[in-house]
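Step one of this worksheet: look at the structure below.
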Amino acid sequence: MSLDILSPQNEPLLQFRDVNTHYGDLHVLKDVNYTIAAGEIVSLLGGNACGKSTTMKTIMGVVRPTTGSVLFEGQPIERLSTSARVRRGIAPVLEARRLFPRMTVFENLEMGAYIQPRGAGFNEDLERVYSLFPRVKERRAQLAGTLSGGEQQMVAIGRALMARPRLICMDEPSMGLSPLYVEQVFDIIQAINRQGTTIFMVEQNAAMALQIAHRAYVLQTGVVVLSGTAEELRRNEDIRHAYLGEMQVGVAA
Amino acid sequence: MTSTDLLLQQVINGLSLGAMYSLLALGFTLVYGIAELINFAHFNVFMVGAMVAMLTLQGFGLVGQETILTGLPLVGTLLAGFAVAMLVCGGIGVGIERVLLRPLRGVKGPAAMITTIGVSYVLFNVVLLTLGSDAKNFPNPLPPIVWHIGGAVLRLREVLIWVIALALMAGLTYFVQYTRLGKAMRATAQDPEAARMMGVEVDRVVMTAFFLGSALAGACGMIFGLYYNLAKVDIGFAAGLRAFTAAVLGGIGNVPGAMLGGVVIGLIEAVSGQTIGTAWTDVIIFGLLVLVLIVRPAGLMGRLAPNKS
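These protein sequence lines are chains Y and L, in that order. Throughout the first sequence, residue numbering follows the numbering used here, covering 1 to 253 in sequence. Throughout the second sequence, residue numbering follows the numbering used here, covering 1001 to 1309 in sequence.
Structure, rendered in C-alpha cells:
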C-alpha cells in the first residue's frame, strides 16, 4: 500500500538499503531503508536525536554508513566524496541555512553553482531563482549574514537550485522561521517540485510537512517505525498523537 | 635633520618594514583562515626564499652591490629573482601540506602545529649545513637613486618595495575576491562543511592557501635581501615573529587585517626605534601583542570565529 506511488515510470532516485551508521560506539541508523522516487516530495519525521540529520549527512557523504548501501539513480554512491555526489545531482539545504555569512547573496548563489561551468546556463539558473524569490534579487548585493532568517532560507533554497540538482535534501527548512515564512517556504518547495526536482526533507513541523509531501517515513531512535503516503500518516492515530499535536482524550501510555 | 624630518624618515623606513611584515603576515592568515593552523614553518620558508633569491641573482652573475643594472636587464633580473623565490617557496609550502600535514588533518590537538615547528627546524638546518651561518652579501643591482624630501631620504629600493608589495597584495585581493577558487577559499574559511556540500574540493583549497602564503613569503625573502643587502640563516625568527604579531593584530584569518597589521607593526618598530630606542622594540611589539590578546582577541579587523557545529 505504501509503495503505490511508485508507478513504473517513476524510477527510484535515491535508495537506502539496510544502512547502519555509527558515531564511535553509538549506533545511530539501524538497518534503515528508504526509497525516494523521481518527482516525489518525501518527508522524514521524528523527534530529536532519532537520526534525521544523520540521514541527511549520510546522503551527502559527511557520514559514511558502516554497512549497507546508498544508491542514487541505481548506482552505489556510499564511497563517493561529497563533491562527487554534488556533481551527480544532489544538493543540500542545510539545517539552520548555513549560508556563507560574509559573502554577498549573489556570491552565495555562485557557490551553489560551484560545480557548474560558468556560462549562459548560470544566468538562466539565476533568473529562475530570482523569479522564485524576488526578495533574493533585491538583496543580492547584501552580505548573507545580515538577512533575516526567512530571507536566508530563501537564499539557501536558491543556492541549492543553482546546482541544477535532481534531488534536494532539506534539513529542517521551517526551523526558526515565522509562520508567514513557513507558509511561503512550503509553497516554494511545492513549486520547485512541480518543476521537476525531487525533494527529500527532514522536518519537525509534521503537520506542514504532511500537507505538501507525497509520502513520509517516521524514524524513531534510528529505526524506521512507520512509512506510507502522507494521507495515511495524517490519519494514523500514533502520528496525530506524537507529531501533530492533537491530544487524545483518555490515553495513558 | 629636524624632528619632523626624522619622523618622516622613520615613516619611510616603517612602511618598508611594514610591506615585508604584511606579505609575511598574509601567509599566516591564509593558512589559519583555511586550516585553522599556525604554520610555524612559515618563518623559515621566508628565510629559504631570501636564500633562493640570492642564489638566483648570483646565478645572473651579480655579486654584492658592485653590479648596477638599468632598464630591461634590471627588470628581467628582478622578475626572475622574485619568480624563482616565489615558485620554490610555494612548492615547499605545498610539499609541507601534502606530505606532512594532510595525513594529520582531523587529528585533534597540536600535532599539526608541532609538525610545522619541526619542519621549521629542518629548513633552518638544511640551509645552515649547506650555506653556512655567516651573513651573506645579497646582490643588489638597483641604481643608487635617492630623492630628498625635506631632510628625509627616499631610496629607489624603498619605492620598489612598496610598489611590489602593493602589486602582490592587490593581486591576492583580486584572487580571493573575484576568482572561482578564491571564492571557494573564502567559503571554506567561513564554513568548511557547507563549502564541501557546494562541491568544493577542500584539499585543493588548503593546498592553494599554502601555495599562496608560501609564495608571498618567498617574495618577502627577496624584498628583505634587497632592503638590507644581506641574507642570513637566522633572519626568519625575528621577522616571522613580528609578522605573526601583525597577523594577530589585524585579526588572524582576515586578509585586509594582515596587511594593515603589518604596516602598523612596521611603523611602530621604526618610530619607536627612533624615539624610544631599538632596545625596546621587541618589548613594545610583543607588549602590544599581549594587549591585543587581552583587549581585543579577535584583532583590529577580525571577528571571533563562530562556533562550528
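Beta carbons: idealized from backbone N, C-alpha and C, even for Gly. Bear in mind that the values here come from a model prediction, so they are computed numbers and not experimental data.
Amino acids of chain Y, ordered along the chain, whose beta-carbon sits closer than 8 Å to that of residue i
{"i": "L:Q1190", "result": "F100, P101, R102, M103"}
Min CB distance residue i to chain Y below 8 Å
{"i": "L:E1036", "result": "no"}
{"i": "L:V1200", "result": "yes"}
{"i": "L:K1108", "result": "no"}
{"i": "L:A1194", "result": "yes"}
{"i": "L:A1247", "result": "no"}
{"i": "L:A1187", "result": "yes"}
Cutoff 8 Å; reference residue i; Cβ partners in own chain excluding five residues on either side
{"i": "Y:F100", "result": "E107, N108, M111, A144"}
{"i": "L:G1150", "result": "T1002, T1004, D1005, L1008"}
{"i": "L:I1145", "result": "R1155, L1156"}
{"i": "L:V1271", "result": "L1007, Q1010, V1011, G1014"}
{"i": "L:L1181", "result": "F1175, R1204, V1205, T1208"}
{"i": "Y:R17", "result": "N33, G68, S69, V70, L71"}
{"i": "L:G1302", "result": "G1250, G1251, I1252, G1253, N1254, G1257"}
Contacts of residue i in chain L (Cβ-Cβ under 9 Å)
{"i": "Y:V28", "result": "Here the premise fails: no neighbours, minimum Cβ distance about 16 Å."}
{"i": "Y:V62", "result": "E1193, R1196, M1197"}
{"i": "Y:M208", "result": "Going along chain L, no residue has its Cβ under 9 Å from Y:M208, so there is no contact; the nearest lies around 24 Å."}
{"i": "Y:E151", "result": "Under the 9 Å cutoff, chain L gives no residues; its nearest Cβ is about 17 Å from Y:E151."}
Per DSSP, the bridge partner or partners of residue i
{"i": "Y:T104", "result": "Y:L143"}
{"i": "Y:Q75", "result": "Y:F72"}
{"i": "Y:N20", "result": "Y:T67"}
{"i": "Y:G228", "result": "Y:A216"}
{"i": "Y:C169", "result": "Y:P92, Y:F200"}
{"i": "Y:T35", "result": "Y:Q15"}
{"i": "Y:V42", "result": "Y:F200, Y:R215"}
{"i": "L:W1147", "result": "L:L1154"}
{"i": "Y:R97", "result": "Y:L94"}
{"i": "Y:V223", "result": "Y:Q220"}
{"i": "L:L1230", "result": "L:N1137"}
{"i": "Y:L26", "result": "Y:Y23"}
Proximal chain Y residues relative to residue i, where beta-carbon distance stays under 9 Å
{"i": "L:R1102", "result": "In chain order: nothing, as chain Y lies at least about 15 Å away."}
Cutoff 8 Å: residue i Cβ touching any chain A Cβ
{"i": "L:R1098", "result": "Included in the structure are the protein chains Y and L, with no chain A among them."}
Spatial neighbours of residue i in its chain, beta-carbon cut-off 7 Å, leaving aside the 5 residues before and after
{"i": "Y:T221", "result": "C50"}
{"i": "L:G1044", "result": "According to the sequence as given, residue 1044 of chain L is Asn; it is not Gly. For L:N1044, where only same-chain residues beyond five positions count, the Cβ hits under 7 Å are S1120, L1123, F1124, G1236."}
{"i": "Y:K137", "result": "Y130"}
{"i": "Y:A160", "result": "A91, P92, V93, G112, I168"}
{"i": "Y:V86", "result": "I115, A163"}
{"i": "L:E1158", "result": "I1012, S1016"}
{"i": "L:I1092", "result": "V1045, V1048, S1214"}
{"i": "L:I1034", "result": "M1185, T1188, A1189, V1205, V1206, A1209"}
Chain-ordered chain L contacts of residue i [CB-CB under 7 Å]
{"i": "Y:Y114", "result": "A1184, M1198, G1199, V1200"}
{"i": "Y:E107", "result": "K1183"}
{"i": "Y:P92", "result": "M1197"}
{"i": "Y:E237", "result": "Within chain L, no residue comes near Y:E237; the closest Cβ sits about 35 Å away, beyond 7 Å."}
Beta-carbon contacts of residue i that lie in its chain and below 6 Å, excluding the five residues immediately before and after
{"i": "L:V1119", "result": "A1041, I1096"}
{"i": "L:V1292", "result": "L1249"}
{"i": "L:N1137", "result": "G1064"}
{"i": "Y:L209", "result": "Per the sequence shown, residue 209 of chain Y should be read as Ala rather than Leu. Within the same chain, Y:A209 has close Cβ partners S43, E203."}
{"i": "Y:M162", "result": "L109, G112, A113, D125"}
{"i": "Y:P76", "result": "S69"}
{"i": "L:L1142", "result": "L1156, R1157"}
Integer-rounded CB distance, given that residue j should sit under 8 Å from residue i
{"i": "L:A1053", "j": "L:G1018", "result": "Between L:G1018 and L:A1053 the Cβ distance is about 20 Å, and since that is not below 8 Å, they are no contact."}
{"i": "L:A1246", "j": "L:C1089", "result": "Incorrect: roughly 19 Å between the Cβ atoms, too far for contact."}
{"i": "L:G1251", "j": "L:G1221", "result": "The Cβ separation is near 25 Å, so there is no contact."}
{"i": "L:G1262", "j": "L:S1022", "result": "3 Å"}
{"i": "Y:M175", "j": "Y:E95", "result": "7 Å"}
{"i": "L:M1169", "j": "L:M1259", "result": "6 Å"}
{"i": "Y:S83", "j": "L:V1200", "result": "7 Å"}
8 Å Cβ cutoff, residue i in contact with chain L
{"i": "Y:R87", "result": "yes"}
{"i": "Y:V185", "result": "no"}
{"i": "Y:V182", "result": "no"}
{"i": "Y:T82", "result": "yes"}
{"i": "Y:S2", "result": "Its pLDDT being 45, under 50, Y:S2 is placed unreliably in this model, and the coordinates cannot settle the point."}
{"i": "Y:M170", "result": "no"}
{"i": "Y:E110", "result": "yes"}
{"i": "Y:M247", "result": "Confidence is the limiting factor: at Y:M247 the pLDDT is only 46, short of 50, which leaves the residue's position unreliable and the question unanswerable from this model."}
{"i": "Y:H241", "result": "no"}
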